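So the structure is just underneath, and the comments pick up after that.
Number of protein chains: 2
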Amino acid sequence: MLKESFNQYSFILDKTAKRVKQFAQNSFSAQGIDLTVDQWSVLKTLYEFPLLTHKELADKCGKDQPTLTRMVDLLLKKGYMKRVEHPSDRRCLHLQLTDLGGSKVQALAPLVKDFRMRAWENLSQEDFEHFTRILNTIYNNLETK
Amino acid sequence: MLKESFNQYSFILDKTAKRVKQFAQNSFSAQGIDLTVDQWSVLKTLYEFPLLTHKELADKCGKDQPTLTRMVDLLLKKGYMKRVEHPSDRRCLHLQLTDLGGSKVQALAPLVKDFRMRAWENLSQEDFEHFTRILNTIYNNLETK
DNA sequence: TAACAATTATTAGTATAACAAGTAAATCTA
DNA sequence: TAGATTTACTTGTTATACTAATAATTGTTA
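Each protein sequence line maps, in turn, to chains A and B. The first sequence begins at 1 in the UniProt record's numbering and counts up by one. The second sequence begins at 1 in the UniProt record's numbering and counts up by one.
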């Protein structure tokens, strides 16, 4: 049914994801922001879900646990988040943004809004819906379980 | 116009690109294939464009030159490609697949076809066209020059 | 209850790729 | 011819992914 090869989508997908990340990273660097895009995504996720365990945050960010642990170590060193005891399960640690972390996320909001505007020029709300639907479908199709 | 934040697309984009890559990588590993997905994309590109310089190949693959040089070193060590003198410009080197490299790409074709089928379940040819159009638009919108 | 299994976070080691800065050779240009 | 540009390479650093193993805790079941 589909004539084109894997290339014709995986290359485009990969190239575009990489360019978005690079563009964001360059904007961060140009503003002197001491975060990688991935680190920002961790902070942002925690901003939206203020109290998560390592495992929950890792899942939401699509990272494995060792990777997240190292990222948290870094963000902790930078003072943007903290680890807190879990009230009922002593294996777990709850993660929280510090005030500094929260205001960092807020400070980045306008910058991030600029990416969006720039990236979505010449595209419509309908395109956005296609985009999310198609990408989510691919994502779910490749569930490994 | 667009209500959602950067997250609502960059997260999905990044997550999906990562999952596609992981899925491909797992399939490669399960078949005992000694290539990363990025290495495969280099070989595949060179398969389609049989005679490229470092710079041309780097551009086509979206890699910078130092990264490509190291990847070529690796692929050369594995015997999949070779460097050849450029006939008219002695600064350049032409890159070519070896016979081994060519048959490797061919051997991977059915596997790669499986990814495509799996990823695109429940999606139409029309979706594919939306997909490529939208991603290419974003890609071009973020051109840094 | 005791033994075993599963879960959570961590640690360590390795590999890949991105990025930055600089070098050398060749080519182009003014 | 002198200087600028291009091409490829080298080196060093960093971020992230993956694997495997460990310790502590919790859950399960015989």
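Each residue gets a CB set at the ideal place from its N, CA and C atoms; glycine is no exception. All values reported here derive from a predicted model rather than from experimental measurement.
Reduced DSSP category for residue i - H, G, I as helix; E, B as strand; rest coil
i	result
Q65/A	helix
K78/A	coil
H130/A	helix
L142/B	coil
Q8/A	helix
D99/A	helix
L123/B	coil
T36/A	coil
D89/A	coil
Q31/B	coil
Cβ-Cβ distance between residue i and residue j below 7 Å
i	j	result
L108/B	F23/A	no
K82/B	Q65/B	no
S10/A	V105/B	no
T45/B	K63/B	no
L43/B	G101/B	yes
H130/A	H130/B	yes
Close beta carbons around residue i, own chain, < 8 Å, minus the five adjacent residues each side
i	result
Q25/B	T36, V37
L68/B	V42, H54, L57, A58, C61
L74/B	Q39
D114/B	S27
Residues bridged to residue i [DSSP beta-bridge criterion]
i	result
H94/A	T53/A, V84/A
Close beta carbons around residue i, own chain, < 7 Å, minus the five adjacent residues each side
i	result
L111/A	S27, Q31
residue 157/A	Because chain A in this structure spans residues 1 to 145, residue 157/A falls outside the shown range and cannot be described.
L2/A	Confidence at L2/A is low in this model, with a pLDDT of 49, below 50, so its placement is unreliable and the value that follows should be read with caution. Cβ within range, chain order: n/a, list empty.
R90/B	none
N122/B	none
*Can you find at least 3 beta carbon pairs, one from the stretch 22 to 42 of chain B and one from the stretch 70 to 80 of chain B, that sit closer than 8 Å?*
Yes: at least three Cβ pairs fall under 8 Å.
*Meets three-Cβ-pair contact criterion under 8 Å: the stretch 129 to 139 of chain A and the stretch 10 to 17 of chain B*: Taking 8 Å as the limit for Cβ pairs, the verdict is that the stretch 10 to 17 of chain B does touch the stretch 129 to 139 of chain A.
_Whether or not the stretch 82 to 93 of chain B and the stretch 45 to 56 of chain B are in contact is what I'm after, with contact meaning three or more pairs of Cβ atoms, one per stretch, closer than 8 Å; do they touch?_
At 8 Å Cβ cutoff, the stretches touch.
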